[in-house]
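Residue numbers (my numbering), protein chains in the order written: chain G, 227 to 359; chain P, 84 to 184.
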Amino acid sequence: MKIHLASIFVDDQYKGLEFYTSKLGFVKKTEVPIGEFAWLTVVSPEALDGVELVFEPANHPAVAPFRDALVADGIPFTSFAVKDLDAEYERLVGLGVEFTQPPTVMGPVKTAVLDDTCGNLIQLAQMLEDPSA
Amino acid sequence: MEQLLKAIADPTRAAILDGLLDRDGQTLFEICARLASSGASGASRQAISQHLAVLEGVGLVSTQRLGRYKFHYIDTSPLADIQRRWPQPTTPTEHIRGETL
Chain G
227 MKIHLASIFV DDQYKGLEFY TSKLGFVKKT EVPIGEFAWL TVVSPEALDG
277 VELVFEPANH PAVAPFRDAL VADGIPFTSF AVKDLDAEYE RLVGLGVEFT
327 QPPTVMGPVK TAVLDDTCGN LIQLAQMLED PSA
Chain P
84 MEQLLKAIAD PTRAAILDGL LDRDGQTLFE ICARLASSGA SGASRQAISQ
134 HLAVLEGVGL VSTQRLGRYK FHYIDTSPLA DIQRRWPQPT TPTEHIRGET
184 L
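Here it is in structure tokens:
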């Protein structure tokens with residue numbers, strides 16, 4: 227058994243595709259129209275055959291209160307690994323991406339939290355070789 | 084005054100204030116992550132939330148809702164009440180002068 231997919235609720239699937247590709251830099255892997263929605267996934271260009279991120283429609287009535295409560299408290303829905311967080315932060319701020327937490331050392335990891343404009347907060351994390359760096 | 088002294092007497096609440104002085108305007112998530120990673124407190128998110136309510140009650144922390152997020156800000160001005168109540172004496176007292184002679 228292995229983890230092949232991870233899913234995330236998005237207000238609009240194609241708005242999600244736009245943000246996750248043009249801002250975060252992921253690439254589209256699968257697009258299969260299913261009724262009013264689509265089976266739409268992206269992967270990291272660093273792992274084209276790796277785990278796919280699925281954009282799930284956020285139309286179920288339970289999704290909005292669940293996500294609103296997480297976002298209000300600044301809790302990220304999921305986390306992506308980066309090699310150089312400070313560089314990614316500068317790059318994304320330059321693209322107009324909004325952060326609720328700038329890069330901050332949290333023990334053995336440096337993290338930041340951004341708004342994906344589709345209803346979620348996302349954490350970026352860089353594992354530190356030297357935690358004092 | 085008693086409530087203020089009680090508020091800062093708790094080590095977790097003192098650590099929350101330390102963290103907000105390092106960077107003002109944090110979400111609950113960031114406050115919890117800083118406490119956990121620094122080893123200052125392993126308290127649950129609910130417990131941290133209650134500590135924040137105590138700090139807010141005595142005016143040491145205020146919250147502001149910006150769009151969909153809620154941020155916490157430090158305000159140390161209530162601590163001036165402590166200094167006002169127990170100010171440094173302006174002239175040396177008689178017994179201290181006596182000891183130096």
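Just so you know, even glycine gets a beta-carbon here, dropped at the ideal spot from N, CA and C.
Looking at the unbroken beta strand (DSSP E) that takes in residue i, where does it start and where does it end?
i      : result
G:E257 : 253 to 260
G:I348 : 347 to 353
P:K153 : 152 to 157
G:I234 : 231 to 236
P:L149 : 144 to 149
G:V319 : No beta strand (DSSP E) holds G:V319; the alpha helix (DSSP H) holding it covers 311 to 320.
G:V331 : 325 to 332
Return yes when the Cβ of residue j is within less than 7 Å of the Cβ of residue i, no when it is not.
i      : j      : result
G:D341 : G:E316 : no
P:A116 : G:M353 : no
P:P161 : P:G142 : yes
G:G345 : G:R293 : yes
P:Y152 : P:G108 : no
G:G261 : P:T110 : no
G:F281 : G:V236 : yes
P:A90  : P:V137 : yes
G:V297 : G:L231 : no
G:L311 : G:K336 : yes
P:H134 : P:T159 : no
P:A98  : P:S124 : yes
Along the chain, where does the alpha helix (DSSP H) containing residue i start, and where does it finish?
i      : result
P:R128 : 128 to 140
G:T247 : Run containing G:T247: none; DSSP gives neither H nor E here.
G:D341 : Where G:D341 is concerned, there is no enclosing alpha helix (DSSP H), although the beta strand (DSSP E) it sits in stretches over 335 to 341.
P:Q86  : 85 to 92
P:L111 : 111 to 121
P:L162 : Careful: P:L162 lies outside any alpha helix (DSSP H) and carries neither H nor E.
Determine the closest residue to residue i out of the options, with distance taken between C-alpha atoms.
i      : options                        : result
G:D275 : G:A351, G:V289, G:T267         : G:T267
G:T256 : G:V269, G:V339, G:L250, G:F245 : G:V269
G:A307 : G:A338, G:L296, G:I301         : G:A338
G:K249 : G:P271, G:L321, G:K336, G:P291 : G:L321
G:A284 : G:F245, G:E355, G:Q239         : G:Q239
G:P328 : P:A163, P:D105, P:G140         : P:D105
P:L87  : P:D164, P:W169, P:T174         : P:D164
What beta strand (DSSP E) runs, 3 residues minimum, are completely inside the segment 255 to 308 of chain G?
263 to 269, 278 to 283, 304 to 307
Relative to chain P, which residues along the segment 283 to 301 of chain G have a C-beta separation below 8 Å, given in chain order?
D294, V297, A298, D299, G300, I301
Name the residues in the segment 307 to 328 of chain G whose C-beta lies less than 9 Å from a C-beta of chain P; which are they?
E324, T326, Q327, P328
Residues of the segment 107 to 118 of chain P in Cβ contact with chain G at a cutoff of 8 Å, in chain order, please.
Q109, T110, L111, F112, E113, A116, R117
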